[in-house]
Structures are given as structure tokens and as C-alpha cells.
Amino acid sequence: MRHSLPLTPQFYVTAPQPCPYLPGRMERKLFTALQGEHAQKLNDTLSKQGFRRSQNVLYRPSCAECSACLSARIRVADFQPSRTQKRILKRVSHLRRNATSPWATEDQFALFRRYLDHRHADGGMADMDIFEFAAMIEETPIKSRVIEYTRPPREGERGRPLVAVCLTDVFDDGLSMVYSFYDPDFPNLSLGTHVILDHIAIAREAGLPYVYLGYWVPGSRKMGYKAGFSALEIYKGGQWVPVGNAADHSADLHPLSVDPIAEQVARISLPDTRL
Numbered sequence: 003m004r005h006s007l008p009l010t011p012q013f014y015v016t017a018p019q020p021c022p023y024l025p026g027r028m029e030r031k032l033f034t035a036l037q038g039e040h041a042q043k044l045n046d047t048l049s050k051q052g053f054r055r056s057q058n059v060l061y062r063p064s065c066a067e068c069s070a071c072l073s074a075r076i077r078v079a080d081f082q083p084s085r086t087q088k089r090i091l092k093r094v095s096h097l098r099r100n101a102t103s104p105w106a107t108e109d110q111f112a113l114f115r116r117y118l119d120h121r122h123a124d125g126g127m128a129d130m131d132i133f134e135f136a137a138m139i140e141e142t143p144i145k146s147r148v149i150e151y152t153r154p155p156r157e158g159e160r161g162r163p164l165v166a167v168c169l170t171d172v173f174d175d176g177l178s179m180v181y182s183f184y185d186p187d188f189p190n191l192s193l194g195t196h197v198i199l200d201h202i203a204i205a206r207e208a209g210l211p212y213v214y215l216g217y218w219v220p221g222s223r224k225m226g227y228k229a230g231f232s233a234l235e236i237y238k239g240g241q242w243v244p245v246g247n248a249a250d251h252s253a254d255l256h257p258l259s260v261d262p263i264a265e266q267v268a269r270i271s272l273p274d275t276r277l
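The numbers in our numbering rise by one with no breaks, and the one at position 2 of the sequence shown is 4.
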């Protein structure tokens, strides 16, 4: 009988830098490498504890004076679209979904650049070139897909142009929307909302119970839209709980809401990789 030692990844902390979501605050992240034969198990296990993937790294906010960033996911079985979301679904009925392997294309990068220039010109990705973009899409040690959305061609156009793209990880219990971007020339289509709604549909078709949205940050206009989806849960106090009222989370902006790094690491559950 073969045995292997339990997986024991090393955890590190980034240096503080300005927070992209809340002005006047500093951001710090707890992270570990995602690699080796047990990468998928590690990703599945830590994602259930509020971690997110970026290429071959898993990270979770661990700021010294704030714990406002809360991992969010939608319970697929309980989700009910709002009236506004139903109208969005009708407006985008002409779009077509295409799921592909995680392979970067020039069309994707062109759309990505237009999205950044219009929506996040001062963000951390503003200077990303095509090689860095390809690394973001392709450097994944786990099961990932690129979900593309196309529209009918206009006069003089050839093929179906891209209007939205999402890099999506497949967990044992759901889909994780790692990064999405869309055409800023179609604000009336609410493409960002549509991509989330369609991922809920994909998860339902696949029998997966959750769609992971990344972090919800109460008080941040950039992240506030996530609270507009029903059946939303957040990871707080070591468990997944309904999001409730945003005002109930104001205490998370206080420095005493943050546990020491050593205590945070000690409470992380790791996968059992014994064969």
C-alpha cells in the first residue's frame, strides 16, 4: 500500500500596497504556490476557504487593519433572477456562448485592451502586454476554460465578433470566475451581469452547486454589484453565510477585526492526499 505525506504548502505574505477598492487603506495578501500533482485538490480545498487563483498562485486578503474583502459565491439552486436581470437575459438572446481550452488569442487581447482602456485605465493591469495576457490565460495547473461570447456581425464585418470573455476555473463544487472582460461599446447589454447569469446557467446544467464571484467589498462601488444577485453567500468567520445587509459588515473595517497571520494560517484546512 502506498502512502504520501499530507500536502503542506508554505504560506507567505505580500508587502503592503495601496488598496484598489477602499481609498486610504493598504492591501496585503496571504498566498501560496499552486503546483504539483495535487494542485487541483489544493485549489478546490482552499477556494472553499476564501482563496482565489491567479495563474499558479492562490491568495486571500490578509490586510493588517481591515477585513472588508469577503469571498462571495452564489447558491445555484436557490438563485432567482431579478426583474432587471430577466430583462438583460432577453436583450442578450442574440449572443452565442463558446467554451474553449485556456488558450489566448489576438482577438481576446484586443478586447481586453479596449476594456482596460475604457474601464480600468489606472488599474494594476493597465500596462499588461500580450505576453503577460497569455500567461494570465494559459498558465493554469488546474482544470480551466475560456468562455467566449460573440454577437452577430454588422455590415462589413466577418465572422462573429467577441463581446465578452471569462477565464473560468472548474471546481469539484462549482465554477470560479477568475477574470472577465467585455466590449465597452455595448453598455445597454449589461455584459458583465450577463456573463455571471450565464455562468449560473452553466453550473446548473453541469449539476454544480456554486458560482464563485471573487471578493465582495462592502463600501466599494467597484464590487457593490455582486450584492445584486440573489442567493449570495460570503465566507466570514470560517464559514459560508448569507450576505444579508451590507451595513452589518461595517465592523470589518476596524483593525481589531483582523486576526494575526499565524492564527489565520493555523486555521487553514489542507487536503488529504494519501493514496
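We put the beta carbon where it would ideally sit given N, CA and C, even for glycine.
Beta-ladder partner(s) of residue i, from DSSP
| i | result |
| --- | --- |
| glutamine 241 | Lys238 |
| glutamine 279 | A question about residue 279 goes unanswered here, because the residues of the chain that appear run from 3 up to 277. |
| arginine 77 | Tyr212 |
| leucine 193 | In the DSSP output, where bridge partners are listed per residue, leucine 193 has none listed. |
| glutamine 289 | One cannot answer for residue 289 here, as it falls past the ends of the chain, which runs 3 to 277. |
| proline 20 | Met28 |
| glutamate 150 | Asn100 and Val167 |
| tryptophan 218 | Leu72 |
| arginine 287 | Given a span of 3 to 277 for the chain in the structure shown, any question on residue 287 remains unanswerable. |
| glycine 176 | Tyr212 |
| tyrosine 61 | Phe33 and Arg54 |
| tyrosine 181 | Leu169 |
7 Å CB neighbourhood of residue i in its chain, flanking five on each side removed
| i | result |
| --- | --- |
| leucine 113 | Leu164, Val167, Phe183 and Asp185 |
| tyrosine 227 | none |
| alanine 106 | Phe135, Ala136, Ile139 and Glu140 |
| alanine 206 | Before going further, note that residue 206 is arginine rather than alanine in the sequence given. The answer, listed in chain order, is Val78. |
| leucine 7 | With a pLDDT of only 43 at leucine 7, under 50, the local geometry of the prediction cannot be trusted, and the value read off the model is given with reservation. Hits under 7 Å: none found. |
| valine 180 | Arg55, Leu169, Thr170 and Asp171 |
| lysine 238 | Leu72 |
| serine 49 | Phe173, Ser178 and Tyr214 |
Member of the options whose CA lies at the smallest distance from the CA of residue i
| i | options | result |
| --- | --- | --- |
| cysteine 65 | Leu91, Ala17, Arg75 and Phe111 | Ala17 |
| leucine 60 | Glu67, Glu207 and Thr47 | Thr47 |
| serine 69 | Val267, Arg27 and Leu210 | Arg27 |
| phenylalanine 13 | Pro20, Leu36, Pro25 and Cys21 | Leu36 |
| methionine 130 | Lys145, Arg147, Phe111 and Ile263 | Phe111 |
| lysine 145 | Phe33, Pro20, Asn58 and Asp261 | Asn58 |
| phenylalanine 188 | Ile90, Ser73 and Pro63 | Ile90 |
| tyrosine 212 | Tyr181, Leu32 and Phe81 | Phe81 |
| aspartate 109 | Arg93, Leu72 and Val148 | Val148 |
| arginine 62 | Thr195, Gly38 and Phe33 | Phe33 |
| asparagine 190 | Gln87, Gln241, Pro143 and Pro83 | Gln87 |
| proline 302 | Val15, Cys21, Ala74 and Lys50 | There is simply no residue 302 to check, as the chain begins at 3 and stops at 277 in what is shown. |
Neighbourhood of residue i by C-beta, 8 Å cutoff - its chain only, sequence neighbours within 5 removed
| i | result |
| --- | --- |
| methionine 127 | Leu118 |
| threonine 10 | Leu272 |
| proline 154 | His96 and Arg162 |
| serine 84 | Gly230 and Ser232 |
The ligand MG heavy atom lying under 7 Å from the CB of residue i
| i | result |
| --- | --- |
| isoleucine 236 | Within the structure as shown, the ligand MG is missing, as the structure has no ligands at all. |
Whole-angstrom C-beta distance between residue j and residue i, which should lie under 8 Å
| i | j | result |
| --- | --- | --- |
| aspartate 174 | arginine 55 | Not quite, the Cβ-Cβ distance comes to about 14 Å (not below 8 Å), so this is no contact. |
| isoleucine 76 | isoleucine 263 | Not really, about 30 Å apart at Cβ, beyond 8 Å. |
| glutamate 29 | valine 260 | Contact flag wrong, Cβ pair sits at about 13 Å. |
| glutamine 51 | isoleucine 270 | 6 Å |
| alanine 229 | alanine 249 | Contact doesn't hold; Cβ gap of about 11 Å is too wide. |
Cβ shell of residue i (< 6 Å), same chain only, five flanking positions each side left out
| i | result |
| --- | --- |
| serine 178 | Asp171 and Tyr214 |
| valine 94 | Leu191 and His196 |
Original post:
Between the segment 207 to 223 and the segment 97 to 111, do three or more beta carbon pairs fall short of 8 Å?
Top reply: no
Original post:
Do the segment 38 to 46 and the segment 232 to 241 make contact, defined as three or more Cβ pairs closer than 8 Å?
Top reply: no
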